[in-house]
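Chemist: Next up is a structure, given as structure tokens.
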Amino acid sequence: MVKKKRKSILVVHEGYREKYFLEHIGQFSDFRLNLQPCYGKDADNVLNTAFKCSDYGQVVFAFFDEDFQFVKELRISEDVLAALEKRWHLTDGKLKDIPYTDLQNTNINNKNPILIVSSPNSIEGLILMLLGVSEKILRGKTTKKMKEMLDAEISAVTLTEDDKKFIDACDTKIARYINAKQELTGEETNYKQTIKSIEFKINDINRQKNEIVFKRFLNTKVGREVLLANINQIPTIKLLLNAFGLC
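For the sequence shown, numbering that gives the first Met the number 0 begins at 0 and goes up steadily by one.
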């Protein structure tokens, strides 16, 4: 019997929380999820990466935060916006001054890349809406405040014993690296490189801890039923679930 080929999608995303959220939704889908990160980058980097990925014949999504539009240095440049118009077969200047959350509405034929914009403001705002916080309330908040609100929700989630064991093991590793760093005298060969390597390892372990806690939160508070219940209430969720073949 010939095995049926699974449909695959590629999502270019901006941050770690976007990555974890996409993987969370992906567990409910039969689609193969391919992720292309642009950590700490601006809108141009996300879209340019999506353009490159679009040249390989697969369905490509670009997933980034609405608040890129509010910071001059992070906005989509005129050149990249023009390139997007060309890929979507739109007239010149069609996308100028359109809010980022409305850009995809002009892509009526769903040409690559398909845009999915987290709002209000960010992935944190999107998830807070899934938790029942109204968009009206969130629109009066800064992205920083939304992160604080979501962090409070995340910290209230009960971890499993396996989660706790993993975090304890991470803390043990971090303590070991901190001790190793403190024992350095500054006279070692490649001292600066060694310090940089230790700090990288500590940051990576902290990221792993954050991933465990965040994914436990998503599984506990933002399950499949919550996602499906918000299809018609939150346009971004409808786009995401449609991307994964879930609606």
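Note that the Cβ used here is the ideal one computed from N, Cα and C, for glycine as well.
Could you please give me the residues that DSSP links to F62 through a beta bridge?
Modeler: As a position in the sequence shown, residue 62 is number 63, starting the count at 1. Note: F62 sits in a beta bridge opposite H12, I115.
Chemist: State the Cα-Cα distance for the pair R5 and S28, rounded to the nearest angstrom.
Modeler: Residue mapping note: residue 5 aligns to position 6 of the sequence shown, counting from 1. Residue mapping note: residue 28 aligns to position 29 of the sequence shown, counting from 1. Using only the alpha carbons, I get a separation of about 11 Å.
Chemist: Identify which residue in L125, A42, A174 has its Cα closest to the Cα of L217.
Modeler: Within the sequence shown, residue 217 is the residue found at index 218, counting from 1. The residue with the shortest Cα to Cα distance from L217 is L125.
Chemist: Which partner residues does N33 have in the DSSP bridge list?
Modeler: Here the question's residue 33 lines up with position 34 in the sequence shown. DSSP, once it has assigned bridges, lists L9 as partnering N33.
Chemist: Output needed for L114: all residues of its chain with C-beta closer than 6 Å, excluding positions within five of it in sequence on either side, in chain order.
Modeler: As a first step, residue 114 must be located in the sequence shown, where it is residue number 115. Here the set comprises A61, L102, Q103.
Chemist: Excluding the 5 residues preceding and the 5 following N44 in the sequence, name in chain order all residues of the same chain whose CB lies nearer than 6 Å to its CB.
Modeler: Translated into positions along the sequence shown, residue 44 becomes position 45. These residues qualify, in order along the chain: C37.
Chemist: Distance, Cα to Cα, Y55 vs K18?
Modeler: Residue mapping note: residue 55 aligns to position 56 of the sequence shown, counting from 1. Residue mapping note: residue 18 aligns to position 19 of the sequence shown, counting from 1. Computed Cα separation, rounded: 22 Å.
Chemist: Decide yes or no for the touch test of the segment 144 to 163 against the segment 204 to 221: beta carbon pairs closer than 8 Å, at least 3 of them.
Modeler: Taking 8 Å as the limit for Cβ pairs, the verdict is that the segment 204 to 221 does touch the segment 144 to 163.
Chemist: According to DSSP, is T159 part of a helix, a strand, or is it coil?
Modeler: Against the sequence shown, residue 159 aligns to sequence position 160. Correct three-state label for T159: coil.
Chemist: Just to confirm, is the Cβ distance from K110 to R138 under 8 Å?
Modeler: Taking the first residue of the sequence shown as 1, we reach residue 110 at position 111. Taking the first residue of the sequence shown as 1, we reach residue 138 at position 139. Their beta carbons are not under 8 Å apart, which means K110 does not touch R138 by this criterion.
Chemist: Given E210, which residues of its chain have a CB within under 8 Å of its CB, disregarding the five upstream and five downstream residues?
Modeler: Locating residue 210 in the sequence shown gives position 211, counting from the first residue. Cβ neighbours of E210 beyond the five flanking positions: Y15, Y19.
Chemist: Three-state secondary structure (DSSP) at C246?
Modeler: Looking up residue 246 in the sequence shown gives position 247. Note: C246 maps to coil in three-state DSSP.
Chemist: To the nearest angstrom, how far is it from the Cα of Q35 to the Cα of A179?
Modeler: Counting from one through the sequence shown, the residue named residue 35 turns up at place 36. Counting from one through the sequence shown, the residue named residue 179 turns up at place 180. One C-alpha to the other measures close to 34 Å.
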